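First residue of the sequence shown? That's 1115 in our numbering, and the numbers climb one at a time after it.
In what follows, a single structure is set out as structure tokens and then discussed.
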Amino acid sequence: MSRDLLPGVTGVLALADGTILQGVGVGAVGDAVGEVCFNTAMSGYQEILTDPSYMAQIVTFTFPHVGNVGTNVEDLEQISGSATTAARGAIFRDVPTRPANWRSDADLETWMERRGVIGLAGVDTRALTRAIRERGMPHGVIAHNPKGEFDLDALVAKAKAWTGLVGLDLAKDASCLQPFVWEEGLWAWGEGYVKPQPKPKYEVVVVDYGVKRNILRALTSVGARATVVPANTSAEDILARKPDGVLLSNGPGDPAATGEYAVPQIQKLVESGTPVFGICLGHQMLSLALGARTVKMEQGHHGANHPVKDLTTGKVEIVSMNHGFTVDRDSLPSPVVETHVSLFDGTNAGIALKDRPVFSVQHHPEASPGPTDSLYLFERFAGYMDGAKG
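Below you can see the structure in the form of structure tokens.
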């Protein structure tokens, strides 16, 4: 594409192949480098932009109208609240609309500016999405300058120089630094996020690789007290807490890189007989711990409308997904059983052990604002903990 800037341009996306997309800058001023992906969800943009799994990524929203429900202090997914451990930028078809929702306390542009998230609007997101589908997720730099002054060659060079997500352990940066207990349940109409039960039925340790708040809320809502521990916590320290179950959380980066220190600990947890439940990155690292491999995907899975089949029940569920790596299903060893599969491309979406209360899924059963087809998996986890206690 031409390197000549059009009149009124205040935002650009510079790709490593030299392509320049021009538009209107929104949100924070500056530039950020990352992997450009697309998300097909029609809602939940605040949750998407605060999901730690999007760390080092620039999210293209395929739904054209974003911003109508505004933002609020409740619908955050990351624990820390820092923009440095979530999406680096956002790309929109149209300039975000003004909010018209009773829960809103700030419009999307203002919220992005406060958090340091750079946005670009006025882009043909359909063409960008098609390019990603055909050629994979490119490295890019998103930039916003109200004066319209950009060094395009320098931005392209920055995109080219970025090494990408392969081999990158980001979980250590997205993780908490100290253990803490979570005390908030799922959102209920008229109540907001409900308080936990005074006497929890289960003690669950959550290994934080970049955990989403709604995972912790879902655990609380099935009667668990969730104690969150850092990503590099040893199996000995986890088991010393005498948990009824251990949850391996979602998170960003290359699972093989995080697995360098996490896999040996996960193997010890599995050997202990403690029920283990993995979600997204947690699923990938559990698979690595059991002897499988993970590989980088061309376009990844990002959206809230992905069909997945539960092979244990025969049900097809619509789920939320957000991952750029996948478990190589052909590398699954015995006694690992494939339990879920993506109906989009046939990639693995879940595993379980035949002889232990250990299972995981690639998708997000806790998805907020939805869908909730697979929320029952937290009840399944509770059933495993009941069985182990019995």
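Yeah, the Cβ is synthetic: ideal placement off N, Cα and C, and Gly gets one too.
Quick caveat, the model's predicted, so the values are computed rather than measured.
| Asked | Found |
| --- | --- |
| Nearest-angstrom Cβ-Cβ length linking Phe1264 and Leu1119, presumed shorter than 8 angstroms | 7 angstroms |
| Supposed contact pair Ala1481 and Ala1418 - C-beta distance, whole angstroms, cut 8 angstroms | 6 angstroms |
| Endpoints, alpha helix (DSSP H) assigned at Phe1473 | From DSSP, Phe1473 is part of no alpha helix (DSSP H) but of the beta strand (DSSP E) over 1472-1475. |
| Identity of the residue in Leu1457, Asp1487, Ser1456, Val1441 nearest Val1450 by Cα | Val1441 |
| Ser1397, enclosing alpha helix (DSSP H) - first and last residue | Here residue 1397 is His; the residue named in the question, Ser, does not match the sequence. Counting along the chain, the alpha helix (DSSP H) containing His1397 begins and ends at 1395-1403. |
| Residues near Gly1501 in its chain [Cβ-Cβ closer than 7 angstroms; skip 5 each side] | Pro1471 |
| For Trp1296, the first and last residue of its enclosing beta strand (DSSP E) | 1294-1296 |
| Contact under 7 angstroms by Cβ, Ala1285 with Gly1396 | no |
| Given Ser1348 as reference, the closest of Leu1489, Asp1322, Gly1306 once Cα atoms are compared | Asp1322 |
| Where Asp1459 falls, given that 16 or more other Cβ within 10 Å makes a residue buried | exposed |
| Euclidean distance between Cα positions of Asp1444 and Gly1414 | 18 angstroms |
| Span separating the alpha-carbon of Trp1225 from that of Gly1141 | 7 angstroms |
| Through-space distance from Pro1312 to Gly1139, alpha-carbon basis | 48 angstroms |
| Helix, strand or coil at Trp1301 according to DSSP, with G and I counted as helix | strand |
| Three-state class that DSSP yields for Pro1378 in the structure shown | helix |
| Host beta strand (DSSP E) of Asp1322 (start-end) | 1316-1322 |
| Continuous beta strand (DSSP E) stretch holding Asp1283: start and end | Segment: none, Asp1283 is in no beta strand (DSSP E) and carries neither H nor E. |
| His1416 classed as buried or exposed, judged by whether at least 16 other C-beta atoms fall within 10 angstroms | buried |
| Three-way DSSP call (helix, strand, coil) for Pro1166 in this model | helix |
| Beta-carbon gap between Arg1331 and Glu1191 smaller than 7 angstroms | no |
| Distance between Val1319 and Arg1217 (C-alpha atoms, nearest Å) | 32 angstroms |
| Whole-angstrom distance between Leu1266 and Met1115, CA atom to CA atom | Unreliable placement is indicated for Met1115, whose pLDDT of 42 sits below 50; no coordinate value is reported for it. |
| With 16 other Cβ atoms within 10 Å as the buried cut-off, status of Gln1292 | exposed |
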